[in-house]
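Notes for the one structure printed next.
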Amino acid sequence: ACYLKSIETRPDFAVAWSNLGCVFNAQGEIWLAIHHFEKAVALDPNFLDAYINLGN
Numbered sequence: 001a002c003y004l005k006s007i008e009t010r011p012d013f014a015v016a017w018s019n020l021g022c023v024f025n026a027q028g029e030i031w032l033a034i035h036h037f038e039k040a041v042a043l044d045p046n047f048l049d050a051y052i053n054l055g056n
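Numbering-wise, full-length UniProt numbering puts 44 at position 44 of the sequence shown, and it's gapless, one number per residue.
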């Protein structure tokens, strides 16, 4: 819920998008996780963790 609130407040916050992607990944929601990691990369192309998460 915190990551969703963070994204609502600051939709340009790549870290929140990536962290929410990790939550979806842990829940087995792979396509939702990928979507969130890709959004994080689009917002911040230098955000290495999002690329790593996407690769995993």
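We treat Cβ as the ideally placed atom computed from N, Cα and C, and that holds for glycine.
In summary, K39 is buried, with 16 or more beta-carbon neighbours lying within 10 Å of its beta-carbon over all protein chains present. Membership of N19 in the alpha helix (DSSP H) is indicated by the continuous run 14 to 26. Restricting attention to D12, C2, I34, the CA atom closest to the CA of L43 is found in D12. Under the DSSP assignment, E8 falls in the alpha helix (DSSP H) whose first and last residues are 2 to 9. Per DSSP, E29 is not a residue of any alpha helix (DSSP H), being assigned neither H nor E.
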